[in-house]
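Engineer: There's a structure below that I have some questions on.
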Amino acid sequence: MSHWFDIQQMEEGVFMLLEPGHVQSYLVLGNDRAALIDTGMGFTDIRQAVASVTGLPVMVLNTHWHFDHIGGNCLFSDIRIAACESELLVQPVTSGYLRKVYADPCRMSGVPLPADFDADAWEINSPPPTASLTDGDTIDLGGRLLHVMETPGHTRGSLSFWDERTAALFCGDFIYNGTLYAHFTDSDLAAYRASLNILESMDIRKIFTCHNEPELPSRFIGNCLDAVTAVLEGTAKGRQVDDWGAPAVRYDFGSLAVLAKCQDSPGIDLLACMA
0 MSHWFDIQQM EEGVFMLLEP GHVQSYLVLG NDRAALIDTG MGFTDIRQAV ASVTGLPVMV
60 LNTHWHFDHI GGNCLFSDIR IAACESELLV QPVTSGYLRK VYADPCRMSG VPLPADFDAD
120 AWEINSPPPT ASLTDGDTID LGGRLLHVME TPGHTRGSLS FWDERTAALF CGDFIYNGTL
180 YAHFTDSDLA AYRASLNILE SMDIRKIFTC HNEPELPSRF IGNCLDAVTA VLEGTAKGRQ
240 VDDWGAPAVR YDFGSLAVLA KCQDSPGIDL LACMA
């Protein structure tokens, strides 16, 4: 089995599958089945990492369609995502694109890659989802319920999953201690704020993120809400930057930042970048 994944138990029945320097996915165990929240980069076989933890049947719950969260989808037969991102999920991500925007920059900056990694062979082709998810759905793992929450902002179909047993939130790229990406064509800062307001009103005791620090306290929701509100209300000072080859506006709030669309810009079209 590949030793690429750093597997850590975060709490009872919750395991983080960390790809160092890149992204973390989460395996949540019930009595009858397991949920794999996102499938990572697709560098190596995440299915083997999952099998080292559990022999339960596994369903994939994608938080959104971006390539660093769906890389291992092709290894599983039960895949679920927001209905509005079903077509985006199956868009092929070619090795040429991945090498240009990700693998080559990683090598140049010293970000770790698997020892046997072949950038020319790395491509991502997710099969179609077997089911769509919507706000209020419940995933019954057997003795453990995950509640589906629509949390648009980063993307139109961004989903979070609330664990009823532990009051933990699995939120994909919606919340983390770093730069919140809200500058894509399907990003929406007003929706971001609305989603954060809903989360702040909930009984959430911890947040499991997909980038940087894996676990954050619930109060970090308020930090993100304050930052997004400052951008929307014009009380934060931004500076223009280039990201993904297009202009965006960056607002810094200590360790937290927000990347927003330039005024009168539709934002960065990732599908066009991938073409």
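Take the sequence shown: its position 9, counted from the start at 1, is 8 in numbering that gives the first Met the number 0, and no numbers get skipped. For glycine and all other residues, C-beta sits at the position ideal for the given N, C-alpha and C.
1) Determine the burial state of K260: buried for a count of at least 16 other Cβ atoms within 10 Å of its Cβ, exposed for fewer.
2) Just verifying my parser: in three-state terms, what is the DSSP assignment at F116?
3) Give me the DSSP bridge partner(s) of R249.
4) Output the boundary residues of the alpha helix (DSSP H) element that contains E86.
5) When the Cα atoms are used, what is the spatial distance from M0 to P111?
6) Which residue's Cα is closest to the Cα of F293: Q262, M273, L224?
7) Quick one: what's got a C-beta closer than 6 angstroms to S94's C-beta in the same chain, skipping five residues either side?
8) Would you mind giving the Cβ-Cβ distance between H210 and D162, rounded to the nearest angstrom? I have them listed as a contact below 8 angstroms.
9) With 16 other CB atoms within 10 Å as the buried threshold, where does G142 fall?
10) F42 bridges to which residues according to DSSP?
11) Kindly identify the DSSP beta-bridge partner or partners of K99.
12) What residues are listed by DSSP as bridge partners for W161?
Structural biologist: Judging by the given coordinates:
1) Counted from its first residue, the sequence shown places residue 260 at position 261. K260 should be labelled buried.
2) Start at 1 with the first residue of the sequence shown, and residue 116 comes out as number 117. The answer is coil: DSSP assigns F116 none of H, G, I, E or B.
3) As a position in the sequence shown, residue 249 is number 250, starting the count at 1. For R249, which the question treats as bridged, DSSP gives the partners R238, L258.
4) To locate residue 86, count along the sequence shown from 1; it is residue 87. Where E86 is concerned, the enclosing alpha helix (DSSP H) stretches over 85-88.
5) Position 1 of the sequence shown holds residue 0. Position 112 of the sequence shown holds residue 111. Only weak support is given to the placement of M0: the predicted model assigns it a pLDDT of 48, under 50, and the value that follows is read from those uncertain coordinates. Taking the straight line from one Cα to the other gives about 18 angstroms.
6) What the structure shows of the chain is the stretch from 0 to 274, and residue 293 is not part of that stretch, so it cannot be assessed.
7) As a working note, residue 94 is residue 95 in the sequence shown. For S94, where only same-chain residues beyond five positions count, the Cβ hits under 6 angstroms are D119, W121, E122.
8) The residue given as residue 210 occupies position 211 in the sequence shown. The residue given as residue 162 occupies position 163 in the sequence shown. H210 to D162, Cβ: 20 angstroms. No contact.
9) Translated into the one-based positions of the sequence shown, residue 142 becomes position 143. Looking at its Cβ environment, which holds fewer than 16 other Cβ atoms inside 10 Å, G142 is exposed.
10) Here residue 42 corresponds to residue number 43 of the sequence shown, with the count starting at 1. Per DSSP, none; premise fails for F42.
11) Working through the sequence shown from its first residue, we reach residue 99 at position 100. Paired residues: none, contrary to the question.
12) Indexing the sequence shown from 1 puts residue 161 at position 162. W161 is bridged to H146, L168.
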